[in-house]
Amino acid sequence: MSNISLQTKRILKNRAFLALCLLSTSATILILALLIVSIILQGSHFLFNSDALSAVFAHGELSQIPKIFRWDFLTNFASRFPEKAGIYAAIIGSVWVCVICALLALPLGIGTAIYLEEFAPKNRWTALIDFNIRNLAGVPSIVYGILGLTAFTRMFGLFGSDKNSALAFGPDDAWWHIQFPFGQGLLAGGLTLMLVVLPIVIISSREALRAVPSSLRQASLAIGATPWQTASKITLPAAIPSILTGAILAMSRAMGEAAPLLVLGIPVFIANTPDNLNDNFTVLPFQIFNWAGRPQESFHQLAASAIVVLLVVLICFNGVAVYLRQKLRKPMA
Amino acid sequence: MSAISAKAASSAVALARKGVARSDAIRNAWEFVIRGLLGCTALISIAITVGIIGILLRETIAFIQLPEIELTDFLFGTTWSPLLGAEKHFGIWPLICGTFLVSVVAAMTAIPLGLITAIYLSEYATASKRAFLKPVIEILAGVPTVVYGFFALLVITPALQGACNFIFGTPIFSGYNAGAAGIAVGIMILPIVASLSEDAMQSVPRSLREGAYALGSTKFDVSVKVVTPAALSGILASCFLAITRAIGETMVVALAAGGLAHMTLNPADQVQTMTAYMVQIFLGDAPAFGVENLSSYAVAMVLFILTLVLSIIGNILLNRYREVYE
Chain H
1428 MSNISLQTKR
1438 ILKNRAFLAL
1448 CLLSTSATIL
1458 ILALLIVSII
1468 LQGSHFLFNS
1478 DALSAVFAHG
1488 ELSQIPKIFR
1498 WDFLTNFASR
1508 FPEKAGIYAA
1518 IIGSVWVCVI
1528 CALLALPLGI
1538 GTAIYLEEFA
1548 PKNRWTALID
1558 FNIRNLAGVP
1568 SIVYGILGLT
1578 AFTRMFGLFG
1588 SDKNSALAFG
1598 PDDAWWHIQF
1608 PFGQGLLAGG
1618 LTLMLVVLPI
1628 VIISSREALR
1638 AVPSSLRQAS
1648 LAIGATPWQT
1658 ASKITLPAAI
1668 PSILTGAILA
1678 MSRAMGEAAP
1688 LLVLGIPVFI
1698 ANTPDNLNDN
1708 FTVLPFQIFN
1718 WAGRPQESFH
1728 QLAASAIVVL
1738 LVVLICFNGV
1748 AVYLRQKLRK
1758 PMA
Chain D
808 MSAISAKAAS
818 SAVALARKGV
828 ARSDAIRNAW
838 EFVIRGLLGC
848 TALISIAITV
858 GIIGILLRET
868 IAFIQLPEIE
878 LTDFLFGTTW
888 SPLLGAEKHF
898 GIWPLICGTF
908 LVSVVAAMTA
918 IPLGLITAIY
928 LSEYATASKR
938 AFLKPVIEIL
948 AGVPTVVYGF
958 FALLVITPAL
968 QGACNFIFGT
978 PIFSGYNAGA
988 AGIAVGIMIL
998 PIVASLSEDA
1008 MQSVPRSLRE
1018 GAYALGSTKF
1028 DVSVKVVTPA
1038 ALSGILASCF
1048 LAITRAIGET
1058 MVVALAAGGL
1068 AHMTLNPADQ
1078 VQTMTAYMVQ
1088 IFLGDAPAFG
1098 VENLSSYAVA
1108 MVLFILTLVL
1118 SIIGNILLNR
1128 YREVYE
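These protein sequence lines map, in sequence, to chains H and D. Just so you know, we're using our numbering here: the first sequence kicks off at 1428 and counts up by one. Just so you know, we're using our numbering here: the second sequence kicks off at 808 and counts up by one.
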């Protein structure tokens, strides 16, 4: 009799724990839903045109559909007046700085991963590099901002101050105009974000390379290919879907970073888009930070609208990552 | 049959000629160059570490050598008032206290929720539920931190105030507070705990589970008394790495935690964390070489050491469980 009650007790305990599990998992999902819904609600004022919305949904005037979105929010520059404010400069800046970051971080990161996985001897130095990269991934991004400020924005003071540069190449109106030090320009921003995402790119690329079956490598080496031929023609093509997925996730991290760029001292308000690699820029997360930090409610709504735009961009990034993974994945071995 | 093999042989000969055309010497030189280039890219990560430590050390030493700064005061002082008042005080403890408070609230949010979610995903959920839930939870990790800052300031804080107003009759929580910032940071690090812990649980061998079931264990017994202890070093690693992220988190605390550096452990109060102080200095137009500016480097040094130690512990634990089961 006591045995049976003990068993019932244990089964009940199991059921209660399952309930707790379901509760906590659904709480997590609920938080995500709450996050998204609350932001869309706050941001709707600057994203949607209420007149057009009611015309379409209440009166069925389909001709009003293009007017549902307030496109001017995307095409206006930031402004003191909430109704006139937009995120054009921030979007363009974010795109530019991410492209620069990708062009720098991907070759370096994938190169490091190939070296560590395919070439490096297993010795103390390799272990040190590996250990170093793992710990770099845990360094707060604001600390990378400090490195970027000293190494890129001011260049250790080697070429004069960042406001008054001592060395410049190319005409002012050419996109490749470069001056040293980089100041608060696109190049400084891209390089700083490169520092932040480099460990992430290296770690994810290494995992991708490690997942390639070693039988492929051995077959290639056995028919006389050199290590580089094996890496470039066999291993890398096999790993590229996973490497790309990791790279896109790293870029979405770069897209959302504000702290390191804040340390560089990038401006919030600029009324033009960057013309060259040294031109000032601002990014979406920093614009959001600035608006959210103001006391007026209409700026909070602006911040929420900008967040919606940022999240849509990031969702597109992730969609591309998932698509690439599905499309490029081939059976291995 | 012989025709096919003749064809194969002739194409093999053609391939061999093509290969011989490029002499071995050139091929080896090329191989050497590529290897060198890739090795250089690997050295960049070392250069980054050296750069961070070098810059922080140089500026921290410059800070300590200022006539108005005492090293003992910086390391043990409990007053941090670099901007206000006639007499400036640089004692790091209020900033560490603020960081600690926010991280503790974050850990208290993320670790229970994340662990239970990990157990559910690893032990209870069916494959299809897991395939749906895991990416959904990982979305939380992909949300930019500034979004969590907005959420903490404009959703969590009013909610906490409303709840306290309803229960106690006063809002209790101030407009900027450590509690809301901590909860938001906790939501941010929850996927790290859940995902890494789940990985650790998944790598526990099936035989351990089946042994326990054979002795008549329930799923609860297996997951809590067998799998969790077996995966403990991985679970601890996930907690350490998550707390590292919480300590270094910047935008959430800069937006929602306030800007008053003082010694408090009350989550309803406003606090200033190390990262929030750095934001305050770098956002304001503090002169590039003033005492305030230098102080932010010293704070960054403390932050860097703290996160480095935690992340080293986390990675050692992670390696340990990988060695045991993989």
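By construction, the Cβ of each residue, glycine as well, lies at the ideal position given by its N, Cα and C atoms.
Quiz item: Would you say G1536 of chain H and L845 of chain D are within 7 Å of each other, going by their C-beta atoms?
Solution: Taking 7 Å as the cut-off, the beta carbon of G1536 of chain H is found no closer than this to the beta carbon of L845 of chain D.
Practice problem: Going by CA-CA distance only, name the one from D:S1014, D:W837 and D:E875 that's closest to G1097 of chain D. | Solution: Of D:S1014, D:W837 and D:E875, the residue nearest in Cα terms is D:E875.
Practice problem: Measure the C-alpha to C-alpha separation of F897 of chain D and T885 of chain D and round it to an integer number of angstroms. | Solution: 8 Å
Quiz item: Which value, in whole angstroms, describes the spacing of the CA atoms of L873 of chain D and S1103 of chain D?
Solution: 14 Å
Quiz item: So what does DSSP say about S809 of chain D, is it helix, strand or coil?
Solution: With a pLDDT of 48 at S809 of chain D, under the threshold of 50, the modelled position of this residue cannot be trusted, and the question is left open.
Self-check item: Residues in the stretch 1700-1723 of chain H having any Cβ partner in chain D nearer than 7 Å
Solution: P1712, I1715, F1716, A1719 and G1720
Practice problem: Run down chain D in chain order and give the residues with a C-beta less than 8 Å from the C-beta of C1525 of chain H. | Solution: Simply none; closest approach about 13 Å.
Self-check item: Positions along the stretch 1455-1487 of chain H whose CB lies within less than 8 Å of some CB in chain D
Solution: T1455, I1456, I1458, L1459, L1461, L1462, S1465, I1466 and Q1469
Practice problem: Starting from K1440 of chain H, find everything on chain D with Cβ-Cβ shorter than 9 Å and list it in chain order. | Solution: Neighbours of K1440 of chain H on chain D, chain order: T1025, F1027 and D1028.
Quiz item: Taking DSSP as the reference, what is the three-state secondary structure of W887 of chain D?
Solution: strand
Quiz item: Going along the chain, which residues of its own chain have a beta-carbon closer than 6 Å to the beta-carbon of L1110 of chain D, five neighbours each way excluded?
Solution: M1081
Quiz item: To the nearest angstrom, how far is it from the Cα of W1655 of chain H to the Cα of I1670 of chain H?
Solution: 18 Å
Practice problem: Output the boundary residues of the beta strand (DSSP E) element that contains F1607 of chain H. | Solution: I1605 to F1607
Exercise. Report yes or no: do three or more beta-carbon pairs, one from the stretch 1465-1474 of chain H and one from the stretch 1733-1742 of chain H, lie closer than 8 Å?
Key: yes
Quiz prompt | Any beta strand (DSSP E) of 3 or more consecutive residues that is wholly inside the stretch 1021-1074 of chain D | solution = none
Quiz item: Counting along the chain, where does the alpha helix (DSSP H) carrying F907 of chain D start and finish?
Solution: W900 to I926
Practice problem: Would you list, in chain order, the members of the stretch 1561-1572 of chain H that have their beta-carbon closer than 9 Å to a beta-carbon of chain D? | Solution: R1561, N1562, L1563, A1564, G1565, V1566, P1567, S1568, I1569, V1570, Y1571 and G1572: these are the residues of the stretch 1561-1572 of chain H whose beta carbon lies less than 9 Å from some beta carbon of chain D, given in chain order.
Practice problem: Classify F1484 of chain H as helix, strand or coil using the three-state DSSP reduction. | Solution: Correct three-state label for F1484 of chain H: helix.
Quiz prompt | beta strand (DSSP E) runs wholly inside the stretch 1596-1637 of chain H, at least 3 long, in chain order | solution = 1605-1607
Quiz item: What residues of chain D sit near I1541 of chain H, judged by a beta carbon separation below 7 Å?
Solution: L845
Quiz item: In chain D, which residues lie less than 9 Å from I1556 of chain H when you measure between Cβ atoms?
Solution: A849, L850, S852 and I853
Practice problem: Please name the residues in the stretch 1041-1052 of chain D whose beta-carbon is closer than 7 Å to at least one beta-carbon of chain H, in chain order. | Solution: Within the stretch 1041-1052 of chain D, the qualifying residues are L1048 and T1051.
Quiz item: Does I1514 of chain H have its Cβ less than 7 Å from a Cβ in chain D?
Solution: no
Quiz item: Could you check where the alpha helix (DSSP H) with L1585 of chain H kicks off and where it finishes?
Solution: Segment: none, L1585 of chain H is in no alpha helix (DSSP H) and carries neither H nor E.
Quiz item: Is there at least one Cβ from chain H nearer than 7 Å to A1107 of chain D's Cβ?
Solution: yes
Practice problem: Within the same chain, show all residues whose beta-carbon is closer than 7 Å to that of V840 of chain D, passing over the 5 residues directly before and after it, in chain order. | Solution: none
Self-check item: Residue from D:I926, D:E1099 and D:K895 with nearest C-alpha to M1008 of chain D
Solution: D:I926
Quiz item: Should V909 of chain D be flagged as near chain H, meaning a C-beta pair shorter than 7 Å?
Solution: no
Quiz item: So with Cβ pairs under 7 Å, would you call C1448 of chain H a contact of chain D?
Solution: yes
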